[in-house]
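Okay, structure first, notes after.
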Amino acid sequence: MSVSIPELLISDGFITHGDRQRIDEICVNLGQSFIKVALNFGFISRKNYERSLTNAGYVFEEIREQEYDGDILSQIELKFSNDHLALPLRAENGKMVTLMADPSNELFKDFIKFTYDMEPEIILASDLDITWMSHRLLGERYVKSAVFELLNRDAKASALVTFTMPQLIFIFVMIGLITSGLVLDFKNTSIILNVIVSTFFLVAITFKLFLALVGSRFELHQAVTNQDVREVVDDDLPAYTIHLPVYKEDKLIKKLVWNLQSLDYPREKLDIKLLIEEDDDKTLNAVRNLDFPAVFEVIVVPFHMPKTKPKACNYGLHFSRGKYLTIYDAEDIPDTDQLKKVAALFDKLPSNYICVQSALNYFNRNENFLTRMFTLEYSYWFDYMLPGLDTLDIPIPLGGTSNHFKTENLIGLGAWDPFNVTEDADLGVRAYEKGYKVAIINSTTYEEANNEPFNWIRQRSRWIKGYMQTYLVHMRNPVDLYRRIGLKGVLGFSFFIGATPFTFLVYPFLLLVFICYMVFDLSTIRTLFPDWVLFMSIFNLIVGNILMIYVNMMAVFKRRFYDLILFSIANPVYWLMHSIASYKALYQLVVKPFYWEKTNHGLSKTHNPVNVVS
Amino acid sequence: MRKRSTYIILITIVLAIYYLVSGIYLNRLGYFNSETLFYIEKARIIFDGVGNRLKVMGLTAPILPFYATFIFTSIDYVLAPVIASAIGTALLFNLMVNTLLRDSKDDFYLAILLAIFLFHPGMLYTAISGKGIYLILIFFYLFFLNLFKFYRSSTTFHISVASICLVILTFCEYKFIWLTLFFIPLVLSITINSLNLSERESIFRLFLSFNSPSLRRKLVNKTFALYMLIFILPVISVVCYKLLNLIHANDLNYFIESPYASWSVFVDNLNYNISTSTFSQKVPDMSVLLSAKILLYCPLILLALYLFKEHTYQILTILTPFALLEFLRVKYERSYLSHEFYLIFVILALLCIILKAQNFSNQKLFKIMLSSGVVIQLFTGYYALKHSQVEDERDFMSILLKPEVSTQQDDNRDLANYINSLPDDSRVMIDDAIAYPIVAFIHNTKKLIMPYQEKYLTAVEAPRDAVDYMLVATTKNPVSGYTQLNPLYLETVKANDASVSLKRIYEDDHWMLYRID
């Protein structure tokens, strides 16, 4: 059985000589084994690979229950094992029991002989199982780093501690003062609270309108033109890492491969990592069962709490080789030229720009009420708000996906905070604090809008909880924050990140007062609040709602979703859903701050074509 | 560039001083108009009055010109509207120069603007009279400026800012809400032109769009969306404001129909009644004739139309205010169009001409035409004001041309001075629906019992228990029919309470002040 696997694959007709030559070239460039490149760069499907070897008389074995020796494992580096899809487990009968996906990998066999002074006894296993085993057994150091790196480097920037002692004192003093005020003078305290809250509500929304107007002013500006993209030379492009953190997304894997294959970027320069949790056999099996070639590398993230997306991304960062790095969700459909655009933009921008955020929008916008509202919201957020923040030089809370980083600077920043459930928003502010800038690019990634209310609330509660965490983390020392990002930055940060959960939390109360006063004409309300207070609160509420509706209406213009304009009138109802999510977020912030509310994807029945950009 | 901006700021300051000096001078000569007196009276109530001032503050209309005078009430109640209008008009000049001539190296257009702002009687009326016209002109200008910018850039920003300006404009003069009606064809035209069709002619584009289901849907959706984006804010704002009126005054149209909320309710009626009951050779405001009158008043608008001759929606945009005025003439048949509705054409013409001036090939000829137009306009402006149907405008022109001490408000001042001389603890019942020109001159409004206060009703029912004095309109007072406190009321009081003793302590042609014993 000393058949060369590459020859076997050629003789079986699964790859050509030309493919082999290209694979060999990539192997030399990346220092990876033949089979690793063949399986991860779209040359052969796992099914065909197994079929070829099985036909040649090889037997694939189940390896997860195999015994292993810690001393043996301590002599091999995870990255080497990962690159060669091979792992020595234990010494047995004077031989080294070694898992290998390619039994003809002479380099790894030599490694075994020289390192352990033994001949290898090869157990053939699926590359995915070997990856799973190697990361589980050797990944502890990396996963610890993924979890604690930021904490060790800059504990103040980590959300591990949700409330610091001064923050707790402040919160309880405020609660104490309000309670005392209510006990001692219920009426006046209520009036003061009402005035402060409703005014804050209006100011926060007016600020959003202002941002939208500033953002809309430059809506025709193209950071990168089609001509710029045409002028990009493929050979000059750097390696580009794409992280695809997934958890139980088995239904989306086929779609994911299709979307990734549509990206206009040299294949060998793409470093796509599918980050799968150790306990996620569903997704792993979905990858195993693909009957066409995959274009990504699977990285198995060993179990460690908290089980969050940022932790997975931090783990994947150890194995990333791209000059630039981005994150997509499994269901994302980026503009096909997005990576080239980003590379072109980074070349144009000054060196302190370390991140480029693409716009996000939804491909299933007309599916139901929720998806329409979600589309309106995302349209104004990414098309107007973020460009507005960018223009005013205010910290930008990055969107969940499609943010493209310079890998080196990302690592320098301590990467993502695994304890923060909106790690991207936090990272945007952290980058700004360090003097870095974020740019917005005229490229869109289409995602799947949540079309199911409970799923929506789960997702939204996580986002709002993340905003709360981010605000608490960066407001631990407001004076220090002011020194680092200035007054404009602090105000922008407070009104954009801090005010968002707050407005959702107070909205039902304002609405309740409004309904009691206007609809039911409740006399108690009139006796409690003088006319001027009621006038002011209702003015704030009505004007606030109108402005928010208007901002939503503006959003349809750039995207030309004219049929959605009337749905913006339903915004007050949509806000109530936000309020429900906010209360859930507040509860979770106290009882389980790091819990990652999983959003189910793949619920949409909408056909989503690839967003080809000519 | 920096030097030029300093230079423009200096001109603005000089212009503001010129307006201020002129305004204060006319004010000292005794020139007042109904609108400023109304604002002065309401400002006194808000800052010095006792009772439900929130209602006065929230429902006085037009609300923004009223609020704009607030800033200057700390200087002087009586001068506050004049100061506001003087500074506001100078700001309008600055705004126009900064938005239209920022990058221009040719000072000719600056001189044209300056000539209009210095000498045009309408602009002087705006700046010196203390009326809220300056705010109307500012936001009318910004609304149209942003529309024109939208045609050029197609960005949501300009259309949204135009919409916000229209909201403010509506709260400066409610009648502008009707602009929303006349933009429908314009919006349709914009949409048709934005569709990706090979056909060039608008009418054929429309034909193609209507006969293809997908294009038709697109056309309807986009027209509707654009229309909503421009007009939803003003329409909703007006609806909310009307609801506010309903809640606080039990009347949706309180702010436009109640004499307690708006100065124009009586003034318009009075002007109309006087002019229809007396023989006049003035050209009436009739359909078509009104548009002709505007063209005579502002011939530069013809030049503006010529400059945009190949631009359908710009032409439609310029014609929209004509349609609005024709509509207003029909809708508000019992009131004359006041001067601001003519002045908007001066502003619009200047905006269009300066925007397109560079496109005219023979600049020398163009400048001669423009200069001639400006000279004609100065004259027509003078003529229009001098022969206006509106009394306030004629009064202004008379005092401007012949600056002599005016006795116009002497009676009201004398009466107010008499009330001022009453002991501070005395209570005087006054109906400010028609007596606001007197209240405007009363220093201590705390001694007044007026309809905005809850105790006014009690005072009307039983004056002997509630007040010491009451001001009653005489039968000669042309608006005595609009107040309860008239000679008929005196008889009712006497009939209800035979023991009441009413002693007339002050009297002029229009008013009688009674002491109640």
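The listed protein sequences correspond, in order, to chains Y and U. With the numbering used here applied, the first sequence closes on residue 614, and no number is skipped along the way. With the numbering used here applied, the second sequence closes on residue 1131, and no number is skipped along the way. Note that CB positions come from ideal geometry on N, CA and C, so glycine has one too.
- Note that the C-beta distance between Thr199 (chain Y) and Leu547 (chain Y) is not below 8 Å.
- Against chain U, the CB of Leu541 (chain Y) has no partner CB under 8 Å away; the residue lies outside that interface.
- For Met305 (chain Y), the secondary structure class from DSSP, reduced to helix, strand or coil, is coil.
- According to DSSP, residue pairing for Cys355 (chain Y) in a beta bridge involves Y:Phe405, Y:Val438.
- Under DSSP, no beta-bridge partner is assigned to Lys584 (chain Y).
- Ranked by how close their Cα comes to the Cα of Val853 (chain U), the residues Y:Lys208, Y:Ser180, Y:Ile542, Y:Val591 have Y:Ile542 in first place.
- Taking a beta-carbon distance threshold of 8 Å, Ser216 (chain Y) counts as an interface residue toward chain U.
- Contact of Val203 (chain Y) with chain U is not assigned, every C-beta pair being separated by 8 Å or more.
- Chain Y has no Cβ within less than 8 Å of the Cβ of Ile961 (chain U).
- In this chain, Ala700 (chain U) is not harboured by any beta strand (DSSP E); it is covered by the alpha helix (DSSP H) spanning 694-714.
- For the region 767-786 of chain U, residues whose beta-carbon sits nearer than 9 Å to a beta-carbon of chain Y comprise Ser767, Ser768, Thr769, Thr770, Phe771, His772, Ile773, Ser774, Val775, Ser777, Ile778.
- In this structure, Ser216 (chain Y) sits near Met554 (chain Y), with a CB-CB distance shorter than 8 Å.
- Listed along chain Y, the residues sitting closer than 7 Å to Gly672 (chain U) by beta-carbon distance are Phe535.
- Comparing C-alpha distances from Lys1117 (chain U) to each of U:Ala1109, U:Asn1110, U:Leu1104, U:Phe652 shows the shortest one belongs to U:Leu1104.
- Each of Y:Asn40, Y:Asn29, Y:Thr162 was checked against the Cα of Gln469 (chain Y), and the nearest Cα belongs to Y:Thr162.
- Assignment of beta-bridge partners to Tyr324 (chain Y) by DSSP yields Y:Tyr240, Y:Lys406.
- Taking 8 Å as the CB threshold, Ile846 (chain U) lines the interface with chain Y.
- If you look at Ala91 (chain Y), you'll find it in the beta strand (DSSP E) that goes 86-92.
- Contact annotation: in the region 753-767 of chain U, residues whose CB is within less than 8 Å of a CB in chain Y are Ser767.
- In terms of Cα proximity to Gln227 (chain Y), the closest of Y:Lys311, Y:Pro6, Y:Leu345, Y:Asp127 is Y:Leu345.
- Across the structure, Phe646 (chain U) and Gly637 (chain U) are spaced so that their CA atoms are roughly 10 Å apart.
- At a cut-off of 8 Å between C-beta atoms, Tyr550 (chain Y) counts as an interface residue with respect to chain U.
- The Cβ of Asn810 (chain U) sits no closer than 8 Å to any Cβ of chain Y.
- Residue pairing by DSSP places Thr98 (chain Y) opposite Y:Pro88, Y:Ile122 in a beta bridge.
- Annotated as proximal: Leu999 (chain U) and Gly736 (chain U), with beta-carbon spacing under 8 Å.
- Following the DSSP letters along the chain, one finds Leu275 (chain Y) inside the beta strand (DSSP E) bounded by residues 270-277.
- Remark: fewer than three beta-carbon pairs, one from each stretch, lie closer than 8 Å, so the region 756-768 of chain U and the region 825-837 of chain U are not flagged as touching.
- Inter-residue distance for Leu992 (chain U) and Tyr911 (chain U) is about 9 Å (C-alpha atoms, whole angstroms).
- Leaving aside the five residues that flank Ala212 (chain Y) on each side, the residues in its chain whose CB is nearer than 7 Å to its CB run, in chain order, Tyr380, Tyr384, Met385, Gly388, Val551, Met554.
- Ala330 (chain Y) sits away from Thr375 (chain Y), with the two beta carbons spaced by 8 Å or more.
- Shown here for Ile1052 (chain U): same chain residues with a beta carbon closer than 6 Å to its own, the five before and five after excluded, namely Asn1026, Leu1029, Ala1030 in chain order.
- Residue burial is scored here from C-beta neighbours: Ser537 (chain Y) has at least 16 other C-beta atoms within 10 angstroms and is therefore classed as buried.
- By the neighbour-count criterion, in which 16 or more other beta carbons inside 10 Å mark a residue as buried, Tyr874 (chain U) falls on the buried side.
- Contact between Thr98 (chain Y) and Glu61 (chain Y) does not hold, since their C-beta atoms are separated by about 12 Å, which reaches or exceeds 8 Å.
- Annotation: Pro306 (chain Y) to Pro418 (chain Y) spans about 7 Å, alpha carbon to alpha carbon.
- Residue pairing by DSSP puts Ile1130 (chain U) in a beta bridge opposite U:Leu1116.
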